[in-house]
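Using my numbering, you'd call the opening residue of the sequence shown number 1 and step up by one each time.
Heads up, the beta-carbon is just placed ideally off N, CA and C, and yes, glycines get one too.
A quick write-up on the structure given underneath.
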Amino acid sequence: MKALFRKSALLPEVAAWVGLLVLMVVSLVSSYVPLGLGNGIANLAIAGVQMLVVVFVLMHLKEGGALPRLAAAAGAFWLAIFFTLTFSDFLTR
């Protein structure tokens, strides 16, 4: 089993998957700890770390070319537009 992961290209993906599972458990445990406003801040920080793991390890944006990075940036841009429009609708009601 050790020889399988020594030269395997799956090691970063498996490590990312285990890391995401650990972060999920940390998020679950933190939801039961009474931190007040700190719960939301902690869970948003954990979600941000999970997003970075998915983007850089599982989507390979660090090693990818310009087109995948452009697609990810366009997706983030549209997500920001949708959040802005939703928040502006909330403020005007």
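query                                                                                   : result
Beta-carbon separation (whole angstroms), A16 vs V57, contact threshold 8 Å             : 4 Å
Whole-angstrom C-beta distance between L20 and V53, which should lie under 8 Å          : 6 Å
Residues near Q50 by beta carbon distance below 7 Å, same chain, minus five either side : L20, L23
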